[in-house]
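In our numbering, the protein residues as written are 432 to 551.
First the structure, in the form of structure tokens, and then the observations on it.
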Amino acid sequence: MIKVRTHRVIPDGSKIKQISLTKKTDSWWINLSLEDKSIPELKTDKIQPTWENSIGLDAVLDKDIYLATSEGEKLPSVKPLRTNQDQLTKVSQRKNKRKDGSKARRKARKTRRQNSSKNS
């Protein structure tokens, strides 16, 4: 007989389908997979893929374009943001050191906006 501390009550009428025992550093864990007849079975839609309801994706990995779809939509890459993240962080920290409402803070905010718009 094994003592088990449960965090959830096992529903009445459910049937144990699978048991998994795992030994962690200082304790044992048990994972139960149950079959419960009161829960309805999942029914998926029977959609057949056709040319009308499908879309094609292409990982372009070119300069500023990351992903292209078969409908001609092109998604931009996030690389410019990553490459300039350090510079944006410095400008933001400089702005945050300024006193709230001061002219120096307004100028720093303007500089930050200009830097972030260049990277977009």
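Even glycine gets a Cβ: it sits at the ideal position worked out from N, Cα and C.
Please read these numbers as outputs of a predicted model, since none were measured by experiment.
- Which ranges would you report for the beta strand (DSSP E) in the segment 463-535 if only whole runs of at least 3 residues count? 488-493, 496-500, 505-507
- Query: Between Ile433, Lys454, Leu452, Ile461, which lies nearest to Arg439 when the distance is taken from Cα to Cα?
  - Reply: Ile461
- Endpoints, the beta strand (DSSP E) within which Lys434 is located: No beta strand (DSSP E) contains Lys434, which DSSP labels as neither H nor E.
- Apply the 10 Å Cβ neighbour rule to Ala539 and answer buried if 16 or more other Cβ atoms are within range, or exposed otherwise. buried
- Between Lys448 and the rest of its own chain, which residues show a CB-CB distance below 7 Å, the 5 nearest in sequence each way excluded? Ser464, Leu465, Glu466
- Query: Tell me the DSSP bridge mates of Ser451?
  - Reply: Asn462
- Message: Buried or exposed, going by whether 16 or more other CB atoms sit within 10 Å of the CB of Val522?
- Response: buried
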